[in-house]
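Have a look at the structure below before the remarks.
In this note's numbering, the protein residues as written are -1 to 404.
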């Protein structure tokens, strides 16, 4: 039986989805750092107690990644992302009226559920299903505006809190999601492609397309899983400690604050280079080289012995690598495992990735020592990033032949 022709690439649709990514990342994910201190003062929370709310959001996002992926693979992408935006509205409004730690935790758990349906993972899966011949370019485009979320929303949310107070600032952010993100997703995600058929011919098998559960037991999926979870841990461990780490590496106070703030721009620069030049080199070679920037940055910091130049080199490698790494992680399942079940397979990695993201910053803090600073933790992160790179190389060697239409 012939499958329908792939949908033609729609720049306008991808552009509108990119705007949704900018708003969601900026107004929820990055806004937490600005809301944390005023909420602590009003509710009487310690830093550990307030940080728990964000960990709960990450865990909720990871726990729901699997069902969200299943719903998208079944053709319900419009309901998923529109509903996710409405859940975020509810979470922000709940956050604006909390008067206890329990309410604060409930609000961020609800926001985590909304993020599971609206951030990169569902958006990447949707463009992969809609544009199987152009999904990599669509994913790079999605990350352009997403990469600028901190640059746009950190000053904006700071201004709203200063002018209106944190409770009323949350009302404004909720209105943005209600009036922009929810209608945007409802409009641009109409006419979703049909769910992947289970009876189409499959290269290499006589009984049809293998279900998603089978792919989860294959070497390519397991290796991509190791790659994704380890690098999610590494890139989650560094940001909360970045300022202290750079201070310890010899940068002045002003540079220790300014350099991390510029990482968003460096990430976008890396994605722009990938967008304009990816057709000039081998795709799989690029996928191998891009993750290497993370361990190279860590190695520069360890070898620099406190020199500011080494710290700047580290931030450059980390920003460029992390910016382009988002694309590699977002496309690895489709390129090396299976495209028809990409949302479900990505969703299966959601919970382990969320646990890794939640625990990694704590691990780096535990490994910090007054005498040696972050050095022991950086060696652990370096080892983890090297193992992740090797896992991706292994997935490429074991990659399955892509599904073809006949």
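Think of the CB as a built atom: it goes at the ideal place given N, C-alpha and C, for glycine as much as any other residue.
Of the residues 115, 66 and 98, the one placed nearest residue 43, counting alpha carbons only:
Locating residue 43 in the chain shown gives position 45, where the first residue counts as 1. Ranked by Cα distance from residue 43, the options 115, 66 and 98 are led by 98.
Return the first residue and the last residue of the alpha helix (DSSP H) that residue 23 is part of.
Here residue 23 corresponds to residue number 25 of the chain shown, with the count starting at 1. Here residue 23 belongs to no alpha helix (DSSP H), and DSSP marks it neither H nor E.
C-alpha gap between residue 184 and residue 305, whole angstroms
Looking up residue 184 in the chain shown gives position 186. Looking up residue 305 in the chain shown gives position 307. Looking at the two C-alpha atoms, the distance is approximately 51 Å.
Range of the contiguous alpha helix (DSSP H) that encloses residue 288:
On the chain shown, residue 288 is found 290 positions in, with the first residue counted as 1. Per DSSP, residue 288 belongs to the alpha helix (DSSP H) from 281 to 302.
Quick one: Cα of residue 409 to Cα of residue 354, how far?
This structure gives no information on residue 409, because the portion of the chain shown stretches from -1 to 404.
Distance check for residue 58 and residue 107, CA to CA, integer angstroms please.
The residue given as residue 107 occupies position 109 in the chain shown. The residue given as residue 58 occupies position 60 in the chain shown. So the two alpha carbons sit approximately 6 Å from each other.
Report the rounded CA-to-CA distance for residue 187 versus residue 75, giving the unit in angstroms.
As a working note, residue 187 is residue 189 in the chain shown. As a working note, residue 75 is residue 77 in the chain shown. Each residue's Cα considered, the two are about 7 Å apart.
If you follow the alpha helix (DSSP H) that residue 49 is part of, which residue opens it and which one closes it?
Counting from one through the chain shown, the residue named residue 49 turns up at place 51. Its alpha helix (DSSP H) spans residues 45 to 71.
In whole angstroms, what is the alpha-carbon distance linking residue 8 and residue 218?
Translated into positions along the chain shown, residue 8 becomes position 10. Translated into positions along the chain shown, residue 218 becomes position 220. Within the model, the alpha-carbon separation for residue 8 versus residue 218 is close to 30 Å.
May I ask you to report which of helix, strand or coil DSSP gives residue 333?
Mapped onto the chain shown, residue 333 falls at position 335. DSSP places residue 333 within a helical segment (H, G or I) once states are collapsed to three.
Could you tell me which residues DSSP puts in a beta bridge with residue 408?
The structure shown has nothing for residue 408, since the chain only spans -1 to 404.
Please look up how many angstroms separate the CB atoms of residue 122 and residue 328, rounded, as I've assumed it's under 8 Å.
For the purposes of this step, residue 122 is identified with residue 124 of the chain shown, where counting begins at 1. For the purposes of this step, residue 328 is identified with residue 330 of the chain shown, where counting begins at 1. Contact flag correct, Cβ pair sits at about 4 Å.
Count the other CB atoms, across all protein chains shown, that sit within 10 Å of the CB of residue 271; report buried if there are 16 or more and exposed otherwise.
Within the chain shown, numbered from 1, the residue matching residue 271 stands at position 273. Residue 271 comes out exposed.
Boundaries of the alpha helix (DSSP H) in which residue 273 is found, first to last residue:
By one-based count along the chain shown, residue 273 stands at place 275. DSSP places residue 273 inside the alpha helix (DSSP H), whose first and last residues are 261 to 275.
Alpha-carbon spacing of residue 148 relative to residue 20, whole angstroms:
Within the chain shown, the letter at position 150 stands for residue 148. Within the chain shown, the letter at position 22 stands for residue 20. In this structure, the alpha-carbon of residue 148 lies about 9 Å from that of residue 20.
Sequence-distant residues of the same chain with beta carbon closer than 7 Å to residue 146, five excluded per side
On the chain shown, position 148 is the one that residue 146 refers to. Answer for residue 146: 20, 262 and 266, listed in chain order.
Take the Cβ of residue 45 as the centre, count every other Cβ of all protein chains shown within 10 Å, and call the residue buried at 16 or more, exposed below.
The residue labelled residue 45 in the question sits at position 47 within the chain shown. So residue 45 ends up on the exposed side.
Based on Cα-Cα distance, which residue from 172, 49, 56 and 61 lies nearest to residue 92?
Translated into the one-based positions of the chain shown, residue 92 becomes position 94. The residue among 172, 49, 56 and 61 with its C-alpha nearest the C-alpha of residue 92 is 172.
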